[in-house]
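**Q** Protein chains in written order, with our numbering: chain A, 1 to 344; chain B, 345 to 688; chain C, 689 to 1032. Quick one: this structure, given as structure tokens, is what I'll be asking you about.
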Amino acid sequence: MEFSVEELAQQVDGRVEGDPTRRVGGLASVTSAGPADLTYVVGARYARLLNDSRAGAVLVPDGLDIEPNGATLIRVASPELAFSRLLEVFHPPRRREPGIHPTAVLGRDVEIGDGVSIGPYAVIEDRVRIGAGSSIGAHAYIGPGVQLGENVRADPACSVFEGAVIGDRVRLHPGARVSSDGFGYTAGPDGPVKIQQIGRCVLEDDVEVGSNSTIDRGSLGDTVVGRGTKIDNLVHIGHNCKIGRNCFLVAQVGIAGSTVIGDGARLGGQVGIAGHLDIGAGASLGAKSGVMSNIPEGQTWSGSPARPHREWLRASSAFYKLPELLRRLDALERAAENSDGEGN
Amino acid sequence: MEFSVEELAQQVDGRVEGDPTRRVGGLASVTSAGPADLTYVVGARYARLLNDSRAGAVLVPDGLDIEPNGATLIRVASPELAFSRLLEVFHPPRRREPGIHPTAVLGRDVEIGDGVSIGPYAVIEDRVRIGAGSSIGAHAYIGPGVQLGENVRADPACSVFEGAVIGDRVRLHPGARVSSDGFGYTAGPDGPVKIQQIGRCVLEDDVEVGSNSTIDRGSLGDTVVGRGTKIDNLVHIGHNCKIGRNCFLVAQVGIAGSTVIGDGARLGGQVGIAGHLDIGAGASLGAKSGVMSNIPEGQTWSGSPARPHREWLRASSAFYKLPELLRRLDALERAAENSDGEGN
Amino acid sequence: MEFSVEELAQQVDGRVEGDPTRRVGGLASVTSAGPADLTYVVGARYARLLNDSRAGAVLVPDGLDIEPNGATLIRVASPELAFSRLLEVFHPPRRREPGIHPTAVLGRDVEIGDGVSIGPYAVIEDRVRIGAGSSIGAHAYIGPGVQLGENVRADPACSVFEGAVIGDRVRLHPGARVSSDGFGYTAGPDGPVKIQQIGRCVLEDDVEVGSNSTIDRGSLGDTVVGRGTKIDNLVHIGHNCKIGRNCFLVAQVGIAGSTVIGDGARLGGQVGIAGHLDIGAGASLGAKSGVMSNIPEGQTWSGSPARPHREWLRASSAFYKLPELLRRLDALERAAENSDGEGN
């Protein structure tokens, strides 16, 4: 596959500076790109890397002052977004051919939209509805009564259980478990007794759930993940949580039951959040934070127990001065005792 | 499905206060319940919510002074336990029909009890024994020689490997890996050499293992999880651990090899415990604790490295005063220097 | 299976002290071994346990002064390595018979080496290459174009996706997800837009990937795990990471994208490492560390944010003295005020 810079610029509404007939055969990072590759830079900091780059074509931000170093430039509003679009030109997402593999097991009253693909050994239980254009991977399991929207992609070995309602263009990565039972028990006479979990698990449009992540269904009500929210690998979301729209949950985040997270929140890797809390819209949590209190809108918190990021930064920096601080305190005490002694 | 309050009270050995003929068609939380719903309150703190509730019937604790707000009350010892029982009345746990799906692959010398259900594409290796009433989900894998008790429920896509001995009424959630190889290596001439893992993995009766959790088999001896212990999602238990009875391990807990945990211990989310430690019976570990020492019976510890909870609380609270503390120390030192100067 | 001590000594190049004709029927730990068992001790600390051991034969280090307590000794350079070899004598690793199970689904242009075993319901996509002696477990999924070396063992329910290049003798434990999509998004006009991931995921020879662990493919370039590196359960490795040779990543470690880790590094359980960092060769990270800066070669760091281990130890110990430290500071301030008052 090969294109002229001109043709690629048209795909991303870009403006060419330099030779528009130059041929581009691939995409690469600025450090590894060769003369037939197109790359991108997002700002002045990365623009310097162009000096050592052999890239033939470069997506650059509209306003940025830049030295082309022999490359043809394509000016765009967001080079990263444009590069992302060209990735789909050069590497069209592989789609399984529509059709139901003969080994797939389908229950009764299953409704399947146009252009759906169901892979080998997938198991689709009774009363499932699968929207048009969706793709169900090998060994995937879709439980009784589950509803999947249009253009959903359920990867191999993922499971979606009863109570799940999945929006359009949702992507479930391999091994994701959606709408599994929550961790609900009560004390019985002979030990803990399981509380039957009967709520729903709603993933709105454009949600992505990473590999081997787990999202429990509601106990009585709903667990909800809002439109556009992206969940990384090995994340756990407890029952009855409500996650807002366009949030990012980085790998190994854990959220205990019934916590509410506002739109656009960003949770760093391995963050843990206790149950029944409110995390405000646009809040940002540093990696490994342990959150045990509500967090106001738009604030950045870190640490465990988490506190406003600056407070945590200052305290963390002081933490490693503690041994010295103890020595200084000892010295002051000795001095005070001596001066007391002198005073007597 | 609809019942009178009278009928429901009989199911839970409760005493009716108010109209016993009132009809109940569903179960709901106190805030979302409507006039045809039954809900429950566990204590005085939640009883206030009844003022704004439209619930038709309410399970309440025997002794609690309560304003019914138009609802019929059912007095019971434990409203949560009673509610849990009624959940099974209104939502009987779905059971797969007994029988072996024609696509299941069974090895030689497999023994299968009465009323067992084996789902599509399950793979059962040689010499497996499955007790009466057990249910094996779609795509589950049961390794050679594994023994499963009665009324076990192995969910879709879980795996149980050689060396596993599983008690009665054990529940394995989707993607759980039981009796997998532990992380044992020794230094060889050309790099690490794997130490063959040959021990067992014993899950006693009524154990529950969450989605995508992993429990390694013993290296030489046994890994054991005691009766009634409940394990949440994405938990890791290393080889040779002995976990007591009726413990709770919340999501993303990790326990290194050979650690022993007493009966009734409670481990909060993302707790990590080093290897070869003893955690006393009834100990409670705060979420995200990092445990590097033995913990006495019945104590609550938190923090990383973990310490008695109150000690940790006080130190954590002082931690965020560290920058101020440093300023105060600076001021004292300056004052001391000045007074020294004055003294000279 | 039974052997004389003499025969076993020959297997491990050992030297017998005591009765070489003694019969050994099994292997056990020093505390559980009986008269017909062989055990091992690695040093003086464990040698004392021999006093209470009933073991019939013991592997001991060449130089160690030891009281045999009636047992026959076998002197070797590394008792643990020798024991590991004898484990394979007494418990030969179970190998599935070579052959392709009739239920396995194979794509077009698949190349399969000699002696390969493919289990029930495995799915092998187009253009896969599987080296001689490899074994693919039940329900495993091998994506389009994936290359597997010789004597690879892919356990049940693992998945290997497009872009993966897997070396010889690699072991993938159940539920491992290799070469899955990384967590890459850019801001679009209506919310986050996924950046297509097209890089490779290279696992060199002798790598081991634990149960339910996830390793993302590179975004444009490669994710690489070096020869001999061992990865425990529930570990996450982000896109574009380069992990060196002979590293150990203990359970629940998480590494964000593009981080580089040198040869022989050891990462304790639940360690988290931020993206785009350099961890030096031979570095060692304490369990639960949160790494936010580069780490020099050969150093041991701990804590969150991580710092050199000794610094962290001293600061952690001082941390729990903070409340007392605050009281002492208060006392000094009061004393200073009083002496000021006296001075006036």
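C-beta: ideal position from N, C-alpha, C; glycine also. This one's a predicted model, so the numbers in the text were calculated from it and none came from an experiment.
Quick check on residue 390(B): does DSSP put it in helix, strand or coil?
**A** Here residue 390(B) is taken as the residue at index 46 of the second sequence, counted from 1. Helix.
**Q** May I ask you to verify whether the region 826-846 of chain C touches the region 872-879 of chain C, counting CB pairs closer than 8 Å and requiring at least 3?
**A** Not touching, per the Cβ criterion.
**Q** Kindly list the residues whose CB is nearer than 7 Å to the CB of residue 745(C), restricted to its own chain and excluding five residues on each side of it in sequence; keep chain order.
**A** In the third sequence, counting from the first residue as 1, residue 745(C) sits at position 57. Around residue 745(C): 693, 710, 712, 726, 759, 760 and 762.
**Q** Can you find a C-beta in chain B that's less than 7 Å from the C-beta of residue 186(A)?
**A** To locate residue 186(A), count along the first sequence from 1; it is residue 186. Answer yes: the Cβ-Cβ gap between residue 186(A) and chain B drops below 7 Å somewhere.
**Q** Using Cβ-Cβ distances below 8 Å, what residues of the region 552-583 of chain B are close to chain A?
**A** Of all residues in the region 552-583 of chain B, 552, 554, 555, 556, 571, 572, 574, 576, 577 and 578 have a Cβ within less than 8 Å of some Cβ in chain A.
**Q** Any chance the region 228-236 of chain A sits against the region 436-452 of chain B, with 3 or more Cβ pairs inside 8 Å?
**A** In short, these stretches do not touch, since the Cβ pair count stays below three.
**Q** Report yes if the C-beta distance between residue 570(B) and residue 544(B) is below 7 Å; otherwise report no.
**A** Stepping through the second sequence from its first residue, residue 570(B) is reached at position 226. Stepping through the second sequence from its first residue, residue 544(B) is reached at position 200. No. Outside cutoff.
**Q** Between which two residues does the alpha helix (DSSP H) harbouring residue 402(B) extend?
**A** As a first step, residue 402(B) is located in the second sequence; it is residue number 58 there, counting from the start. Unbroken run through residue 402(B) is the beta strand (DSSP E), 401-405; no alpha helix (DSSP H).
**Q** Excluding five sequence neighbours on each side, which residues of the same chain lie with their C-beta closer than 7 Å to the C-beta of residue 619(B)?
**A** Indexing the second sequence from 1 puts residue 619(B) at position 275. For residue 619(B), where only same-chain residues beyond five positions count, the Cβ hits under 7 Å are 582, 600, 601, 602 and 603.
**Q** Excluding the 5 residues preceding and the 5 following residue 656(B) in the sequence, name in chain order all residues of the same chain whose CB lies nearer than 7 Å to its CB.
**A** Here residue 656(B) refers to the residue found at position 312 of the second sequence. Once the five neighbours on either side are set aside, the close Cβ partners of residue 656(B) are 646 and 647.
**Q** Helix, strand or coil, according to DSSP, for residue 933(C) in the structure here?
**A** Counting from one through the third sequence, the residue named residue 933(C) turns up at place 245. DSSP places residue 933(C) in coil when its eight states are reduced to three.
**Q** Below 8 Å on the Cβ atoms is my guess for residue 862(C) versus residue 524(B); work out the distance and round it to an integer in Å.
**A** Residue numbering aside, residue 862(C) sits at position 174 when the third sequence is read from its first letter. Residue numbering aside, residue 524(B) sits at position 180 when the second sequence is read from its first letter. Indeed, because the Cβ distance is near 6 Å, the residues count as touching under 8 Å.
**Q** Starting from residue 27(A), find everything on chain C with Cβ-Cβ shorter than 9 Å and list it in chain order.
**A** Locating residue 27(A) in the first sequence gives position 27, where the first residue counts as 1. 886 and 908, listed in chain order.
**Q** Short check: CB of residue 971(C) to CB of residue 987(C), under 7 Å?
**A** Walking along the third sequence from the start, residue 971(C) turns up at place 283. Walking along the third sequence from the start, residue 987(C) turns up at place 299. Yes, the pair counts as a contact, with Cβ atoms nearer than the cut-off.
**Q** Run through chain C and tell me which residues come within less than 8 Å of residue 319(A), C-beta to C-beta.
**A** Your numbering for residue 319(A) matches position 319 in the first sequence. Per Cβ cutoff of 8 Å: 1003 and 1007.
**Q** Nearest to residue 183(A) by alpha carbon, out of 197(A), 170(A) and 177(A)?
**A** Residue mapping note: residue 183(A) aligns to position 183 of the first sequence, counting from 1. The candidate whose alpha carbon is nearest that of residue 183(A) is 197(A).
**Q** Alpha carbon to alpha carbon, what distance is there between residue 900(C) and residue 347(B)?
**A** Taking the first residue of the second sequence as position 1, residue 347(B) is located at position 3. Taking the first residue of the third sequence as position 1, residue 900(C) is located at position 212. Cα to Cα, residue 347(B) sits roughly 45 Å from residue 900(C).
**Q** Compare the beta carbon distance of residue 822(C) and residue 784(C) with 7 Å and say whether it is the shorter of the two.
**A** Along the third sequence, one-based indexing puts residue 822(C) at 134. Along the third sequence, one-based indexing puts residue 784(C) at 96. No, the pair does not count as a contact, with Cβ atoms beyond the cut-off.
**Q** Please go through the same chain and pick out, in chain order, the residues whose beta-carbon is closer than 7 Å to the beta-carbon of residue 442(B), but skip the five residues on each side of it.
**A** Position 98 of the second sequence, counting from 1, holds the residue named residue 442(B). Excluding residues within five positions, the ones whose Cβ falls inside 7 Å are 459, 460 and 461.
**Q** Beta-carbon within less than 6 Å of residue 687(B)'s beta-carbon, same chain only, minus the 5 sequence neighbours each way: which residues are those?
**A** For the purposes of this step, residue 687(B) is identified with residue 343 of the second sequence, where counting begins at 1. Low confidence applies here, because residue 687(B) scores a pLDDT of 47, under 50, leaving its location unreliable and the question unanswered by this model.
**Q** Spell out whether any CB of chain A is found under 7 Å from the CB atom of residue 682(B).
**A** Counted from its first residue, the second sequence places residue 682(B) at position 338. No, residue 682(B) lies away from the interface with chain A (no Cβ there is under 7 Å from its Cβ).
**Q** Buried or exposed: which applies to residue 911(C), given that a residue is buried once 16 or more other Cβ atoms fall within 10 Å of its Cβ?
**A** In the third sequence, the residue the question calls residue 911(C) occupies position 223. Its Cβ being crowded by 16 or more others within 10 Å, residue 911(C) is buried.
**Q** Is there a C-beta anywhere in chain C that falls below 7 Å from the one on residue 648(B)?
**A** On the second sequence, position 304 is the one that residue 648(B) refers to. Answer yes: the Cβ-Cβ gap between residue 648(B) and chain C drops below 7 Å somewhere.
**Q** State the start and end residues of the unbroken alpha helix (DSSP H) segment that holds residue 858(C).
**A** Looking up residue 858(C) in the third sequence gives position 170. Segment: none, residue 858(C) is in no alpha helix (DSSP H) and carries neither H nor E.
**Q** Counting only Cβ-Cβ distances shorter than 7 Å, please list the residues of the region 274-291 of chain A near chain C, keeping chain order.
**A** Correct list: 287 and 288.
**Q** Can you say whether residue 632(C) is buried or exposed, counting buried as having 16 or more other CB atoms within 10 angstroms of its CB?
**A** Because chain C is modelled from 689 through 1032, residue 632(C) falls outside the range shown and cannot be assessed.
**Q** Identify, in the order they occur along the chain, each residue of the same chain with its Cβ nearer than 6 Å to the Cβ of residue 380(B), setting aside the five sequence neighbours on each side.
**A** In the second sequence, residue 380(B) corresponds to position 36, counting from 1. 369 and 400, listed in sequence order.
**Q** If we define contact as Cβ-Cβ less than 7 Å, is residue 139(A) a contact residue for chain B?
**A** Translated into positions along the first sequence, residue 139(A) becomes position 139. For residue 139(A), the answer is yes, since a Cβ of chain B falls inside 7 Å of its Cβ.
**Q** Which of the three DSSP states, helix, strand or coil, is assigned to residue 343(A)?
**A** Residue mapping note: residue 343(A) aligns to position 343 of the first sequence, counting from 1. Model confidence at residue 343(A) stands at a pLDDT of 47, short of 50, so the residue's coordinates are unreliable and nothing is read from them.
**Q** For residue 1026(C), count neighbouring C-beta atoms within 10 Å of its own C-beta (all shown protein chains included) and say buried if the count is 16 or more, exposed if not.
**A** In the third sequence, residue 1026(C) corresponds to position 338, counting from 1. So residue 1026(C) counts as exposed.
**Q** So which residues of chain B does residue 311(A) contact, with C-beta pairs closer than 9 Å?
**A** The residue given as residue 311(A) occupies position 311 in the first sequence. 664 and 667, listed in chain order.
**Q** Which bits of chain C does residue 250(A) rub up against, with CB to CB less than 8 Å?
**A** Residue 250(A) sits at position 250 when you count from the first residue of the first sequence. Correct list: 871 and 944.
**Q** For residue 862(C), return the contacting residues in chain B, with the cut-off set at a CB-CB distance below 8 Å.
**A** Walking along the third sequence from the start, residue 862(C) turns up at place 174. Going along chain B in sequence order, the residues near residue 862(C) (Cβ under 8 Å) are 485, 503, 505, 521 and 524.
**Q** Let me know if residue 171(A) comes out buried or exposed under the rule of 16 or more other beta-carbons within 10 Å of its beta-carbon.
**A** One-based indexing of the first sequence puts residue 171(A) at position 171. So residue 171(A) counts as buried.
**Q** Considering only C-alpha positions, which residue in the set 297(A), 279(A) and 267(A) is nearest to residue 285(A)?
**A** Position 285 of the first sequence, counting from 1, holds the residue named residue 285(A). Selected option, being the one with the closest Cα: 267(A).
**Q** With distances taken from CA atoms, which of 8(A), 81(A), 14(A) and 77(A) is nearest residue 875(C)?
**A** Residue 875(C) sits at position 187 when you count from the first residue of the third sequence. The shortest Cα separation from residue 875(C) among 8(A), 81(A), 14(A) and 77(A) belongs to 81(A).
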